[in-house]
Amino acid sequence: MRPILSAALALPLLLAACSPGEPAQPPTDAAPAPETKARPDAGAVSTTTPAAFQGEWNADLSACGGGGDESRLIIGADTIAFYESQGEISATRLEADGRLAVEAMMRGEGETWADSRVFQLSEDGQTLTDVSQGSTGLVRRRCP
């Protein structure tokens with residue numbers, strides 16, 4: 031009688047294992063799907079310049095540190111200085127394509143004015159191009 035009892039108990043278990051139940055669940059230790067969004071700070075307006083854009087920039091690296099080159103540009107956290115003008119940054123906006131738009135109140139040679147600039151940083155962070163509307167596309171190199 032024992033073999034019959036074992037078979038009687040095994041039959042429901044076999045049927046339960048073969049019956050369609052809930053769909054299979056993915057493993058819980060699977061890595062989450064990567065997020066597909068632009069830079070987290072893209073489009074955000076700030077009064078602080080992103081660190082990657084800060085520093086001294088010149089068209090010719092031999093002019094770095096001298097201060098006398100007309101292409102000199104120094105970008106600080108909240109200031110911007112060209113050869114004969116400087117200003118306080120009132121707003122920056124990092125675009126999704128990596129361009130930085132800068133709004134500043136400038137002064138130089140006895141005058142003050144509002145200025146808008148757009149800069150494109152190279153992928154390696156070593157060149158900065160002025161891509162502002164009406165600019166000549168001046169390329170400056172990061173000073174060491």
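Heads up: the sequence shown begins at 31 in the numbering used here, then just goes up one per residue. Yeah, the Cβ is synthetic: ideal placement off N, Cα and C, and Gly gets one too. It should be emphasised that the depicted structure is a prediction, and the values quoted were computed from it without experimental measurement.
Where does residue i sit, in a helix, a strand or coil, going by DSSP?
i      : result
Ala68  : Any reading at Ala68 is ruled out, since the residue's pLDDT is 37, under 50, leaving its predicted position unreliable.
Ala107 : coil
Ser101 : coil
Ser8   : In the structure as shown, the chain starts at 31 and stops at 174, and residue 8 therefore has no counterpart that could be examined.
Ser92  : helix
Ile34  : Because the pLDDT at Ile34 is just 45, under 50, the model does not fix this residue reliably, and the value given afterwards should be weighed accordingly. Ile34 falls in the helix class under three-state DSSP.
In the DSSP assignment, what residue or residues form a beta bridge with residue i?
i      : result
Thr157 : Arg171
Ser145 : The sequence shown places Asp at residue 145, rather than the Ser named in the question. Note: Asp145 sits in a beta bridge opposite Ala134.
Ala74  : None, per the DSSP bridge assignment.
Gly85  : Ile105
If I follow the unbroken beta strand (DSSP E) through residue i, where does it start and stop?
i      : result
Gln116 : 116 to 124
I believe residue i touches residue j by the beta-carbon criterion, under 8 Å. Please report the beta-carbon distance rounded to the nearest angstrom.
i      : j      : result
Leu151 : Ala81  : About 11 Å separates the two Cβ atoms, so there is no contact after all.
Trp87  : Arg147 : Wrong, their Cβ atoms sit about 12 Å apart, outside the cutoff.
Phe112 : Arg129 : In fact, because the Cβ distance is near 19 Å, the residues do not count as touching under 8 Å.
Asp90  : Asp99  : 7 Å
When the Cβ atoms of the region 122 to 129 are set against those of the region 72 to 80, are three or more pairs found closer than 8 Å?
Contact between the region 122 to 129 and the region 72 to 80 is established, with three or more Cβ pairs separated by less than 8 Å.
Is it true that the region 133 to 151 meets the region 98 to 117, where meeting means three or more beta-carbon pairs spaced less than 8 Å apart?
Yes, since at least three Cβ pairs between the region 133 to 151 and the region 98 to 117 fall closer than 8 Å, the two stretches touch.
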